Amino acid sequence: MNNAMNNAINNSINSFDKVDLLIVGSGAAASVFAAKAAQAGKQVLMLEAGPERSNKDLVSSQLWARRLKWGGTPVEEEGNLKIGHGFNTGWGTGGSSMHHYGVWPRLHANDFKIKSLYGKGNDWPIDYEDLRPFYDRIQSEVGISGDAKLEKWRPEGAPYPMPALPVFKQGELIAKGFTALGRDTAPIPLAVNSQPYKGRSPCTYDGWCDAGCPTGALANAQTVYLPQAKAAKANIIHRATVTRILTNQKGDKVIGVEYCDEAGQSHIQMADVVVLAAFAVENPRLLLASANQSHPEGLANSSGLVGKYLMTHPAGNIYGFFKQSTQPYYGATGGQLINQDNYDDKSARKGAFGGYQWLIANALKPNGLLGIANTRPDIFGPKLDDFMKQAAEHMATMVFVGDDLPLAENRVELSQKKDKYGVPRAKVIHNIQAETDSMCQYAVEEGKAIFKAAGAEQVWSGPRVGMHILGGTIMGTRRDNSVTNRYGQCHDISNLFIAGTGLFPSSGAVNPTFSLHALGLQAVEYMLSEWAGIV
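Residue numbering for the sequence shown follows our numbering, beginning at 408 and increasing consecutively.
In structure tokens form, the structure reads like this:
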């Protein structure tokens, strides 16, 4: 081992000739695996492509928030609804969890069975009741603020461990529009502390969630599971870009990975078990790029489904000006209130398919991708100055998040272009169908009507965007209909696991971070219980 590599390694061990568990990535899903496996006595090593950061390094600014976004090999995107890879992914310790907004609703029961119920897409190999106990355990370990009684759409489960965060003027005003149209609102379930919780401070409601929350009030990999993993002597190497997954000669087991350090030098890291927890695009890219004689179409790809069924949540903002002060800078980036009245009946609207939710009264900042200035790109010069002065005190917003139909033609494939390590880049193709487009149009019109009913003097909408990335390595019941089993264990290679939103066979219409934690807890406990047979 060279000196640079030794310096990057935790001093608690002197050799990485072989480890029990190698995890690619250090984000939400990776950190769950690392903490639980290390606590069970396994020697765990994480390889993170991005830089090392701690909460002490975080700065509440829009410029800083951009540094937490993807900084690796560019991803080529095509289609009528691009997935927004640069916005949705993360870079460095903690991955995308470091800039996520902490919106943690649960998937609903029908999300798991859209093929059985509606004849569309894919069913999951599990149902809500299978995941329910893991949701309950995760929310206790992590901490969620909310009001389960007011959240009438919420599936059955344990009450939230903390009371809801407060609703400020912006939320109160928009809620009046929902009430006027006979709809309900409830506090958003947020993985943000409304009171001290397990040594972490409560939220200060300053709306800087996407800059990483330096106070630690927001639950992310840096505040919850990575510290647990480190305390149990798990290790992490930063600036370590995995370029290939290695198998034995027979091809039925992985034996480790090849990675490049910051200087571009290649290393081989051996392991008994490998977990791919990089991201929903990077995981299939690595599987496809690791093709060998035993797996000519890519690892774990006997189904031909690696990279297929890639999804994103179609989303869009509603904006308005109110005569009253809205104080839009208060609260959490994810919002203050939630509405899911149009969530469960996915085929209720003629010519449309999919449910959706409203995340209401998101904290706004002047600049940045989701900032006030970018809501009206048609205004510039002195008019923009006047607009900003009014918006700073009188603007309000909410966002719809909708279902995306899982389609095999929406996919990750290898590009003809290669990165600096000689690995083909990822190319992503994603299109939505007419019935998804209709659902989005319906949501926008409903949102405008709600704002008008709330008394907004001006109302407008933003462009449709892709929020979150899911699928590409879906779980299922057999090797001919999926890449992994219900635990993320690859059908073709028993000691290779996949973690994260790439496992989702359908998208649902809720933010996925809570669910990927629950899936990760279920999977790592299975992996540990079956360890002898897996390795």
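Heads up, the beta-carbon is just placed ideally off N, CA and C, and yes, glycines get one too. Since the model is a prediction, treat every value here as computed from it, not as a measurement.
**Q.** beta strand (DSSP E) runs wholly inside the segment 432-464, at least 3 long, in chain order
**A.** 451-454
Q) Can you tell me the Cα-Cα spacing of residue 807 and residue 781, whole angstroms? A) The residue given as residue 807 occupies position 400 in the sequence shown. The residue given as residue 781 occupies position 374 in the sequence shown. Looking at the two C-alpha atoms, the distance is approximately 18 Å.
(Q) Checking the sheet assignment: what are the DSSP bridge partners for residue 787? (A) Along the sequence shown, one-based indexing puts residue 787 at 380. Paired residue(s): none; residue 787 is not in a bridge.
Q: With distances taken Cα to Cα, identify the nearest neighbour of residue 810 among 511, 738, 570, 521.
A: For the purposes of this step, residue 810 is taken as residue 403 along the sequence shown, with counting starting at 1. Closest option to residue 810, Cα to Cα, is 521.
Q: For the beta strand (DSSP E) containing residue 674, list its first residue and its last residue.
A: In the sequence shown, residue 674 corresponds to position 267, counting from 1. 673-683 is the span of the beta strand (DSSP E), which, as asked, contains residue 674.
Q. Closest to residue 831 by CA distance: which of 480, 431, 439 is it?
A. Locating residue 831 in the sequence shown gives position 424, where the first residue counts as 1. Among 480, 431, 439, the Cα nearest to that of residue 831 belongs to 480.
Q. Buried or exposed: which applies to residue 611, given that a residue is buried once 16 or more other Cβ atoms fall within 10 Å of its Cβ?
A. Taking the sequence shown and counting its residues from 1, one reaches residue 611 at position 204. That one is exposed.
(Q) What would DSSP say about residue 610, mapped onto helix, strand or coil? (A) Locating residue 610 in the sequence shown gives position 203, counting from the first residue. Reduced to three states, the DSSP call for residue 610 is coil.
(Q) Just to confirm before moving on: does the CB-CB distance between residue 609 and residue 603 stay below 8 Å? (A) Position 202 of the sequence shown, counted from the first residue, corresponds to residue 609. Position 196 of the sequence shown, counted from the first residue, corresponds to residue 603. Yes, the Cβ-Cβ distance between residue 609 and residue 603 is below 8 Å.
Q: Please state whether DSSP places residue 587 in a helix, a strand or coil.
A: Taking the first residue of the sequence shown as 1, we reach residue 587 at position 180. Helix at residue 587.
Q) Which first and last residues belong to the beta strand (DSSP E) in which residue 805 is found? A) Position 398 of the sequence shown, counted from the first residue, corresponds to residue 805. Run containing residue 805: 802-809, per the beta strand (DSSP E) assignment.
Q. What are the boundary residues of the alpha helix (DSSP H) that includes residue 934?
A. By one-based count along the sequence shown, residue 934 stands at place 527. First-last of the alpha helix (DSSP H) with residue 934: 920-936.
**Q.** Identified DSSP bridge partners for residue 891
**A.** Within the sequence shown, numbered from 1, the residue matching residue 891 stands at position 484. The partner list for residue 891 (beta bridge, DSSP) reads 882, 897.
Q) Once you ignore the five residues that flank residue 629 on each side, which residues in its own chain have a CB closer than 6 Å to its CB? A) The count along the sequence shown starts at 1 and reaches residue 629 at position 222. Counting only Cβ-Cβ distances below 6 Å, and skipping sequence neighbours, we find 462, 501.
Q: Go ahead and label residue 732 buried or exposed: buried means 16 or more other beta carbons lie within 10 angstroms of its beta carbon, across all protein chains shown.
A: Taking the first residue of the sequence shown as position 1, residue 732 is located at position 325. Per the 10 Å Cβ criterion, exposed.
Q. Under a Cβ-count criterion, where at least 16 other Cβ atoms within 10 Å of its own Cβ denotes burial, should residue 834 be classed as buried or exposed?
A. For the purposes of this step, residue 834 is taken as residue 427 along the sequence shown, with counting starting at 1. So residue 834 counts as buried.
Q | Backbone secondary structure at residue 842 - three-state DSSP | A | To locate residue 842, count along the sequence shown from 1; it is residue 435. Helix at residue 842.
(Q) When you compare the CB positions of residue 554 and residue 571, do they come within less than 8 Å of one another, or not? (A) The residue labelled residue 554 in the question sits at position 147 within the sequence shown. The residue labelled residue 571 in the question sits at position 164 within the sequence shown. Cβ atoms of residue 554 and residue 571: closer than 8 Å.
(Q) So, does the segment 871-889 touch the segment 638-657, judging by three or more C-beta pairs under 8 Å? (A) no
(Q) Once DSSP output is grouped into helix, strand and coil, what is the label at residue 833? (A) Here residue 833 corresponds to residue number 426 of the sequence shown, with the count starting at 1. Secondary structure of residue 833 (DSSP, three-state): strand.
Q: Can you give me the Cβ contacts of residue 935 inside the same chain, cut-off strictly under 6 Å, excluding the 5 residues immediately before and after it?
A: Taking the first residue of the sequence shown as position 1, residue 935 is located at position 528. Excluding sequence neighbours, residue 935 sits near 447.
**Q.** As assigned by DSSP and simplified to three states, the class of residue 600
**A.** Start at 1 with the first residue of the sequence shown, and residue 600 comes out as number 193. Coil at residue 600, not helix or strand.
(Q) At the level of alpha carbons, what is the spacing between residue 903 and residue 872? (A) Reading the sequence shown from its first residue, position 496 is the one you call residue 903. Reading the sequence shown from its first residue, position 465 is the one you call residue 872. So the two alpha carbons sit approximately 33 Å from each other.
Q) Which residues does DSSP pair with residue 661 in a beta bridge? A) Working through the sequence shown from its first residue, we reach residue 661 at position 254. DSSP lists 654 as the beta-bridge partner residues of residue 661.
Q: Closer than 7 Å by C-beta to residue 783: which residues in its own chain qualify, once you throw out the five before and the five after it? Chain order, please.
A: Position 376 of the sequence shown, counting from 1, holds the residue named residue 783. The answer, listed in chain order, is 794.
Q.
Give me the residue from 454, 923, 734 with the minimum Cα distance to residue 674.
A. Indexing the sequence shown from 1 puts residue 674 at position 267. Of the candidates 454, 923, 734, the one whose C-alpha sits nearest the C-alpha of residue 674 is 454.
Q.
Helix, strand or coil for residue 867? Go by DSSP, reduced to three states.
A. Here residue 867 refers to the residue found at position 460 when the sequence shown is read from its first residue. Here residue 867 sits in strand by DSSP.
Q.
If contact is defined by three or more beta carbon pairs under 8 Å, each pair taking one atom from either stretch, is the segment 727-745 in contact with the segment 704-718?
A. No: fewer than three Cβ pairs fall under 8 Å.
Q) Which residue comes first and which comes last in the alpha helix (DSSP H) that contains residue 945? A) Residue 945 falls outside the range modelled here, since the chain spans only 408 to 942, and no answer is possible.
Q: State the Cα-Cα distance for the pair residue 765 and residue 656, rounded to the nearest angstrom.
A: Residue numbering aside, residue 765 sits at position 358 when the sequence shown is read from its first letter. Residue numbering aside, residue 656 sits at position 249 when the sequence shown is read from its first letter. Each residue's Cα considered, the two are about 51 Å apart.
Q.
In the DSSP output, which residue or residues are listed as bridge partners for residue 818?
A. Walking along the sequence shown from the start, residue 818 turns up at place 411. According to DSSP, residue 818 bridges with 715, 836.
Q. Exposed or buried, residue 433, counting other C-beta atoms within 10 Å across all chains shown (16 or more means buried)?
A. Working through the sequence shown from its first residue, we reach residue 433 at position 26. By the neighbour-count rule (16 or more Cβ atoms within 10 Å), residue 433 is buried.
Q. Looking only at its own chain, which residues have a Cβ that is under 6 Å from the Cβ of residue 845, when we skip the five neighbours before and after it?
A. Within the sequence shown, the letter at position 438 stands for residue 845. Only 758, 759 meet the Cβ criterion.
Q: Consult DSSP for residue 946 and reduce its assignment to one of helix, strand or coil.
A: As shown, the chain starts at 408 and ends at 942. That puts residue 946 outside it, with no answer to give.
**Q.** Rounded C-alpha distance that separates residue 415 from residue 641
**A.** The count along the sequence shown starts at 1 and reaches residue 415 at position 8. The count along the sequence shown starts at 1 and reaches residue 641 at position 234. Note that residue 415 has pLDDT 35, beneath the 50 cutoff, so the model's placement of it is unreliable and the number below is only indicative. Between residue 415 and residue 641, the C-alpha separation is close to 13 Å.
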